[in-house]
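Asks: No gaps in the numbering here: position 82 of the sequence shown is 82 in UniProt numbering, and each next residue is one more. Each residue gets a CB set at the ideal place from its N, CA and C atoms; glycine is no exception. What you are looking at is a predicted structure, and each value in this text was computed from that prediction instead of being measured.
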Amino acid sequence: MIFAARLAHYFYPGYSNNHKAKLLHSTTLFLLVAFIIVFQVFLSSAPSVGLKVLGYSANIPPDQIITLTNKRRTEAGLSPLTYNPALTSAAKAKGDHMLAYDYWAHVASDGTEPWSFFISAGYKYRYAGENLARDFSDPNSAVEAWMASPSHRDNMLSSKYKDIGVAVVEGDLAGVDTTIIVQLFGTQLSDTSTPVPVAQARPEATPSPTLIPSPKITLVPTQTLLPAPIAQTSIIPTPQINELGNLELSQEKASGFQILLSPFDTTRSISLATIILLSIVMIIDAVVIARRKIPRVGGRTFAHLAFLGMILALILIAKAGQIL
1 MIFAARLAHY FYPGYSNNHK AKLLHSTTLF LLVAFIIVFQ VFLSSAPSVG LKVLGYSANI
61 PPDQIITLTN KRRTEAGLSP LTYNPALTSA AKAKGDHMLA YDYWAHVASD GTEPWSFFIS
121 AGYKYRYAGE NLARDFSDPN SAVEAWMASP SHRDNMLSSK YKDIGVAVVE GDLAGVDTTI
181 IVQLFGTQLS DTSTPVPVAQ ARPEATPSPT LIPSPKITLV PTQTLLPAPI AQTSIIPTPQ
241 INELGNLELS QEKASGFQIL LSPFDTTRSI SLATIILLSI VMIIDAVVIA RRKIPRVGGR
301 TFAHLAFLGM ILALILIAKA GQIL
């Protein structure tokens, strides 16, 4: 009974709260705002006091990024990309380089271009591309953000690419604990042979016997390059082993005194809960006061609800994550 009366005191207008829910009093609203501010300060200062607030790496397995990318390609009528460990190594090196040199860009401040990581990993490319993302809560949201951007979509749905490599790295970027997704696309030099001259050489060889030695000399090396993609078939099962290993490593890192949460999602959830709670209490308060015909000086319930509705809309529209 006492608990019910206390609950009604905070949520229902009556004699104990001067016919206005305690939750709507200025002091209570001030405490709610102060709590949200303190929570935000806690999230931003936690790393400096030794408390690690993790990003989203545990929720973003690289193999899911690859699966979702190939799904979009299949829907567009394109062939799926093949996992390439060299590209994954290059993607990991690029992510580590961004954290080490504290930059969020395709080209580093020292002039290092993304293509240098392809070469360092031993991937000799004819075509190459890069997509970057940070601070997304799940793989699907990152892929959807890329698909919504014309330039990133072109990379994902390009028919020029045959291979893919993805790495998810986390660390401090510009003073903020960040999770970076590096997605690399490529086609090796050995995969870009042109068999068209072979078909042209055959009809030319029949009318002019003197031309037979010339096309054979120039076209034999081209034919030897055609079986090159066969070597990649042995790479297909590799991602499960490598990526599971990466995930196990991430879980080992998270086994210490760390909190696994999304700062954006947590703040968004608390803000949504607060706004919805205040709106419900305001509606109850307005209905009760109207039925009891209690005069109230300075009551602006409709204006307050409209203001809260605007804030609620902004919170719902807001999305975490950036792409580059």
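Helix, strand or coil, according to DSSP, for Phe185 in the structure here?
Replies: strand
Asks: Is DSSP giving Glu113 helix, strand or coil here?
Replies: coil
Asks: Is Ile164 helix, strand or coil when you go by DSSP?
Replies: strand
Asks: Is DSSP giving Gly95 helix, strand or coil here?
Replies: Residue state for Gly95 is assigned as helix, using DSSP reduced to three classes.
Asks: What number of angstroms, rounded off, separates the C-alpha of Pro13 from the C-alpha of Lys20?
Replies: 4 Å
Asks: Assuming Ile270 and Phe42 are in contact, meaning their beta carbons sit under 8 Å apart, how far apart are those beta carbons, in whole angstroms?
Replies: Going by Cβ atoms, the distance from Ile270 to Phe42 rounds to 12 Å, so no, they are not a contact pair.
Asks: Starting from Asn70, trace the alpha helix (DSSP H) both ways and give me its first and last residue.
Replies: 62-75
Asks: What distance in whole Å lies between the Cβ atoms of Gly186 and Tyr101, which are believed to be in contact at a cut-off of 8 Å?
Replies: 23 Å between Cβ atoms; not a contact.
Asks: Using DSSP bridges, identify the partner residues of Gly129.
Replies: BP columns for Gly129 point to Phe185.
Asks: With a threshold of 16 other CB atoms inside 10 Å of the CB of Tyr83, please say whether the residue is buried or exposed.
Replies: Tyr83 is classed as buried because its beta carbon has at least 16 other beta carbons within 10 Å across all chains shown.
Asks: Hey, could you find the ends of the alpha helix (DSSP H) Pro139 is sitting in?
Replies: Residue range 139-148 is occupied by the alpha helix (DSSP H) that includes Pro139.
Asks: Would you give the residue range spanned by the alpha helix (DSSP H) that His25 belongs to?
Replies: In this chain, His25 is not harboured by any alpha helix (DSSP H), its DSSP state being neither H nor E.
Asks: So is Phe30 buried or exposed if we call it buried at 16+ other beta carbons inside 10 Å?
Replies: exposed
Asks: Just to confirm, is the Cβ distance from Glu130 to Leu189 under 7 Å?
Replies: no
Asks: Could you work out which residue in His152, Asn18, Lys22, Lys160 is closest to Ile294 when comparing CA atoms only?
Replies: Nearest of His152, Asn18, Lys22, Lys160 to Ile294, Cα basis: Asn18.
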